[in-house]
Amino acid sequence: MNTVPAPWVRTRLRTAPGAACALALLVALTACLAAAFPRAVDRYEDSSLRHDLRQAAPARTGVLLTTGQPDFGVDLEQWQQEMRPGPLRELHDKALGIVGGRLPVDRAQSAYGVRTTESIEVPDPWLPRPTGMAPQVYLAAQHGLGDHSRLRTGRLPRASDTPVTASTGRVEAVVTAETADALRIEAGSVLHVPRVGRGPLAVHVTGILAPRDPDGAYWATQPVLRTPSLMKVPGPPGGDIDKYWLGALLLAPDAGPVLLGTAGHPVRYWQFASDTGAPHAHDLDRLASAVAALESGPGLREVRSAVGPATDVSTDLDEVFASFDRLRSGIGPLVTVAAVGTGTVAGVVLLMAGGLAADRRRAELALLRARGASLRGLAGRLLAETAVVAVPAGALGLAAALLALPGARPLPAVLAGVAVTAVGCAALPLRAAVAHRAVHVHGGRRDVASARPSRRRTVAELTAVVLAAGAVETLRRRGATGTADDLVSLAPVLVGVIAALILVRLYPLPLRALARPASRLRGAVGHLALARAGRTSASAVLPLLALLTALTTAAFGGSVLTGVADTRDRAAVLTTGADARVEGEGPLPRGLPEKVRRAPGVEAVAEVSIAYQARTSNGRQTLPVAGVDPAAYAELAARTGLGAFDAGALRQPEGEEEPLRALASPSAAERFGTEPFRVRMEDGTAVILKVAVVRGLTPAVSGEEFLVVDRSGLSPEAARPTALLLTGDRIDAGALRRATGEAGSVHLRGEERARYVDSPLQTGAERVYTAAVAAGAGYAVLALLLSLLRAAPERAALLARLRTMGLTRAQGRRLLVLEALPQAALAAAGGALTGWAAVRLLAPGIDVTTIALASSASPGSAAGLRTDPWSLAVPTASVLVVAVGVAVAQAWWSGRRGSVRELRAGDSG
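Position one of the sequence shown corresponds to residue 482 (this note's numbering), numbered consecutively onward.
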């Protein structure tokens, strides 16, 4: 290539500054979104993992090291020495290096010391005895009491001047304020703790303290040190239950050896609290491996080598990590589907932008090739031209994502931003290299009417069909779980790819079929519009692919979000049985139904008497029996969709000797059959029932076995309502609770529904999914605009020429609209059909229960996908509106410019 006088890049940027700015904006926005996605996923996954760690009890998330009690053959003096603060602190430091090197440890909340593992009965008569049993206590000598508590009265315990041993007869201790209130202990009280082979140990309480952070791991790992419990002694059913208080006495750290003289089986312990704000979800595999190593691997060997050969390590961190991983494995693939779809559309838009620039400069690049420019040199200059614009724009977008979403891994975001920038830089050079690999000045017509697919294209299309079919079948068989490969995430995209390829092949057929009838119409606008539509560029597969992929992803995403909402609604209804539920432990007050009926928002009240412990004739099996008013209950069942039935089928027969008709669950109906059977109610009365209706669900009770009868056939005591099922669109929760008072508990369907969203992983995944679908829709609109702008100069010149021949402005608008409609209608109809087909094909392999309900217990079953009409209709209509709007806008703008100016612009180009 000959050297040009002015630098190529500067000349091109000055020639087309608008195109350069548009490319920079597109690359910056795409790089920002691409970099933001992995950071958003990291953030909500980290937040969810830390939320799960905070929700779990510190006893589960901490790592506890304990040494067994001494054997009879072990030197007592040696054990007494090892239970003193100095050796305990030395071993603590060694263990901290091992545990802290594998897991994040909160050193401030960690503790160590000596405690008894079995409670000891304290016979002092002044201590409270709820049912005559003496209270029991644990003894603990834990370091750091002064740092983690505030004294209310008295002082902290101190050891005597002489070292404490197993035979020491008197020690000092403190108790928490809760223990002092429950056991009536005051500063100065003395408790006598029995010992083995010696007189009782006198424990002098020197003070009452209050924990600084009661919920912190220092106190919450062993809650009995902070809060006493009223324990129940197991006994025969129906008999009186014996109760006793269980608390703890906190000794001075130096008093640990005295525990060797008690029967409480003392142990040394080191509890390491987890730093719940430090773990990252992407480190989950490493953290789980570290926990396994500490429990039964190299870590345990190191701990026993440093602390003692009998040291045990216990933690429930592995269960917390496994629970989080199960939830993430169920949600992750669904989010990946949306990300892949949006990424595909964004990539297509970047390629279309490069294709648009290459088409606009086709004559210029062909001329350069004809004058001797090498293909490599031409591609290099175009790469430099786009890199000057795209690289700073990509860096700016990446920086914006890093600043907007801090606290996540930078590497995935950087890789995503670099990939977007690379595509933005390479789109124009690659498109130009493919189009101008052979030197030519005029390539002939390049429209769908004349284009004939090559063998390579046919092979590529068939390969895509096979991949899509394999992905769909894999998803249907295995489901969207973490075990499925990446091909599953591409399934909706590949369905859109196949649809785009098929529609591009079929697109000329209806146009040719309509061309002949249109030629017989009066006027040339319709015939000319169809002719123009038939001469659309043969490369229209890219914009069609973008539109179909976006519409398919939007339909799939809308179905997922709709399925999530429906699953939560269904689970909430199954839990409450109505819009609200008022239930007492026994019969409700007689005037309560009327008070509740007058609460704001309540439209209807169904009174139900539920006997959860009704017994069958043999007396060994129980099942719930609900007594209802058939008319009101049938209306409620129909409204909630929980086992609708005809009220007449349940109404009590008039004959006294006739058994009560019962609505039964399938398992109960199978057990009792069609013959009458006897059921004994909780009040001791017996009723004869006969199964008349079988339903799998019912509003009053849930479970596999239940019976529902007309309560007018029950005894007056058994017929008294124990629950009220309320219906209404906007029930005032506060007014309902005030009307109920202490008579029963109140549960609202809306509150139950909100309870199922118990993890940031759910809410974060929903937000990212919604944002991905919205971004995909935006890129689809941009792809449509780019496809229309591609031929905008040609259409403007055509309008100008036709106006010189007498074409009016109204006819010009109609011409452009009719020309744009075939492609837009093709994309809209194909997108709606593809979205519907994708949901129907992929629904058997998708279960949205995890993202909808997480770990909350729910009576609902697995929830699949169903087509959401709005997710199909809104994007489809938007495509048509945008296409028509752009055509009208272009016709209006061309009319303002004038025909002479437009024709001169065309001549000068």
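Positions of the beta carbon are idealized from the N, C-alpha and C atoms, including for glycine.
Between Ala1214 and Lys1076, the beta carbon gap of about 15 Å keeps them out of contact (Cβ cut-off 8 Å).
The residue from Thr702, Ala773, Arg986, Ala880 with its alpha-carbon nearest to that of Asp799 is Ala773. In this structure, the CA atom of Ala885 is about 18 Å from the CA atom of Val899. Cβ atoms of Pro893 and Asp756 stay farther apart than 8 Å, at about 24 Å.
Assignment of Thr657 by DSSP, reduced to helix, strand and coil, places it in the strand class.
The residues Leu546, His573, Ala576, Tyr593, in chain order, have a CB closer than 6 Å to that of Trp751 in the same chain once the five nearest residues on each side in sequence are set aside.
Non-local beta-carbon contacts of Leu569 in its own chain, meaning distances under 6 Å to residues more than five positions away in sequence, involve Tyr593 in chain order.
The C-beta distance from Leu1141 to Val1168 rounds to 6 Å, short enough to meet the 8 Å contact threshold.
A straight line joining the alpha-carbon of Gly1293 with that of Arg986 spans about 29 Å. Across the structure, Gly1065 and Ile1091 are spaced so that their CA atoms are roughly 10 Å apart. Scanning Ala1150, Lys713, Thr660 for the CA closest to the CA of Gly728 turns up Thr660.
Ser591 counts as buried, since no fewer than 16 other beta carbons sit within 10 angstroms of its beta carbon. For Phe802, the uninterrupted alpha helix (DSSP H) run begins and ends at 798-841, by DSSP.
Burial is judged here by how many other beta carbons sit within 10 angstroms of a residue's own beta carbon; Arg676 has at least 16 and is buried.
Per the Cβ contact rule, the segment 504-523 is in contact with the segment 862-879 (3 or more Cβ pairs under 8 Å). By the beta-carbon neighbour count (other beta carbons within 10 angstroms, threshold 16), Glu602 is exposed. In this structure, the beta-carbon distance from Ala1130 to Ala1173 falls below 8 Å. Looking only at Gly813, Gly878, Ala834, Val920, the smallest Cα-Cα distance to Leu849 is reached by Val920.
In this structure, Val1227 places its C-beta atom within 8 Å of the C-beta atom of Ala1061.
Counting along the chain, Pro747 sits inside the beta strand (DSSP E) bounded by residues 747-755. Note on geometry: alpha-carbon atoms of Phe805 and Arg842 lie some 54 Å from one another. Leu1353 carries a helical assignment under DSSP once its states are collapsed to helix, strand and coil.
In the DSSP secondary-structure assignment, Trp726 is bridged to Leu711.
The Cβ atoms of Gly627 and Leu637 lie closer than 8 Å to each other. In the three-state reduction of the DSSP assignment, Val1041 falls in the helix class, which pools H, G and I. The criterion of a C-beta distance shorter than 8 Å is satisfied by Ser970 and Pro814. Approximately 13 Å separates the beta-carbon atoms of Thr649 and Leu620; this is outside 8 Å, ruling out the contact. Non-local C-beta neighbours of Asp840 in its own chain, meaning closer than 7 Å and more than five positions away in sequence, comprise Arg1271, ordered along the chain.
Between the alpha carbons of Asp527 and Gln623 lies a distance of about 33 Å. Under the rule that a run must span 3 or more residues, the beta strand (DSSP E) segments found entirely inside the segment 1105-1159 read 1141-1145.
A residue is called buried when at least 16 other Cβ atoms come within 10 angstroms of its Cβ; Arg631 does not meet this threshold and is exposed.
The Cβ atoms of Ser1148 and Thr1348 do not sit closer than 8 Å to each other.
The Cβ atoms of Ala949 and Ile983 lie no closer than 8 Å to each other. In the DSSP assignment, Gln703 falls outside any alpha helix (DSSP H) and carries neither an H nor an E. Unbroken beta strand (DSSP E) runs of no fewer than 3 residues, entirely contained in the segment 665-697, are found at 671-674, 682-692, following chain order.
8 Å or more divides the Cβ of Leu530 from the Cβ of Val829.
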